[in-house]
Amino acid sequence: MGLVTMVEILDKVHANGTAVPAFDAIDHASVEAIIKASESINKPVIIMVPEAALPLIDVDNYFEYLTYRLGKTKVPVALELDHGKSFNVIMKAIHAGFTGVMIDGSDLPIEENISLTRKIVEIAHAAGVSVEGEIGHVAGGEGDMTEGSEADENMYTKPEDAKRFVEETGVDALAVAIGTVHGVYKGTPKLDYERLKKIKNIVNVPLVLHGGSGVAKEDFVKAVENGINKVNLFTEISMAAVAQSINYAQKKQNKLHFAELVLIANKTVNAIALDYLKLLSLDN
Ligand SMILES: [Zn+2]
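With the numbering used here as the guide, the letters of the sequence shown map in order to residues 602 to 885.
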């Protein structure tokens, strides 16, 4: 099995009306925990690295580890650059062996978003790499944990824009803004299912929900039933790993090995990843 193109995984869930979770992972412990979860129930998974997190990583070494490690998994795994913004970073990911890239031009006017995305699609497809684009804008900072955000309806994806964007860019997957935010949600997210259904009816590529942290389990199921095929997750899992590790350290009055903290974090990520893998596939 090992590393496959993102489209290979997405086409299957798109065809059978289910979804795949996509986890941002910027450390080895999280990657191992996610692989273990997906192998334990034999489900494909997508692992992502957000461009915004690259300053926290020894990039060349980490990319080399990822492509090597994901090449040996017992389930199909795709490796995606999440929220690619700069041309150079996207090219670096493609060179390193990523099988998917997201080009996020969602803060640009639609014409510019289309032309930028189309350019990335041409290059990525020539290299056999899948592309995710975004139209409309999911608010909040990627991985921002300091303050919560609220969704802004003016930035939600317009169905006719989504149709045009997909037709003119040739993207393999489309991130839509329907009421979630990145990072911590201020209040309770309300998803716009009517809008999602309209988009689904006129757009024939897999749809992606960003900013899943804070969304209730039943809303995820409803989102998948109404057309979402990929759910991006990061903040909730990363924060849970931190909280559990700190708890454990306090219980031990800080008299512990660093490896014990890593193990607690690994177990926490594993348990949450397993929950999402089961929840989103809808057949468990
Ligand atoms: Zn996102």
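Every residue gets a Cβ at the ideal spot worked out from N, C-alpha and C, and that includes glycine.
| Asked | Found |
| --- | --- |
| At least three beta-carbon pairs within less than 8 Å, the stretch 808-823 to the stretch 841-854 | no |
| Integer Cβ distance of L611 from N830, believed to fall under 8 Å | 6 Å |
| C-beta atoms of K675 and E640 nearer than 7 Å | yes |
| Per DSSP, cross-strand counterpart(s) of M603 | The sequence given here places Gly at residue 603; Met does not occur at that position. In DSSP, G603 forms a bridge with P677. |
| H726 beta carbon near ligand 1 (any heavy atom closer than 6 Å) | no |
| Beta-carbon separation (whole angstroms), G812 vs G741, contact threshold 8 Å | 6 Å |
| CB contact flag (K764, I803, <7 Å) | yes |
| Cβ-heavy atom distance, N714 to ligand 1, below 6 Å | no |
| Beta-bridge partners of G886, as assigned by DSSP | With the chain covering only 602 through 885, there is no way to say anything about residue 886. |
| Per-residue DSSP class, three states only, for E733 | strand |
| Three-state class that DSSP yields for D753 in the structure shown | coil |
| CA-to-CA distance, K799 to D793, given in whole angstroms | 10 Å |
| CB contact below 7 Å: M756 versus chain D | Judged by its chain identifiers, the structure shown contains no chain D, having just a single protein chain. |
| T789, buried or exposed, once every other Cβ within 10 Å from all chains shown has been counted against 16 | exposed |
| For T685: DSSP bridge partner residues | In the sequence on display, residue 685 carries Gly and not Thr. The partner list for G685 (beta bridge, DSSP) reads I704. |
| Best match in D762, D753, L808 and F766 for proximity to V782 [C-alpha to C-alpha] | D753 |
| Near ligand 1: H811 beta-carbon under 6 Å from a heavy atom | yes |
| Outcome for A728 when other beta-carbon atoms lying within 10 angstroms are tallied against a minimum of 16 | exposed |
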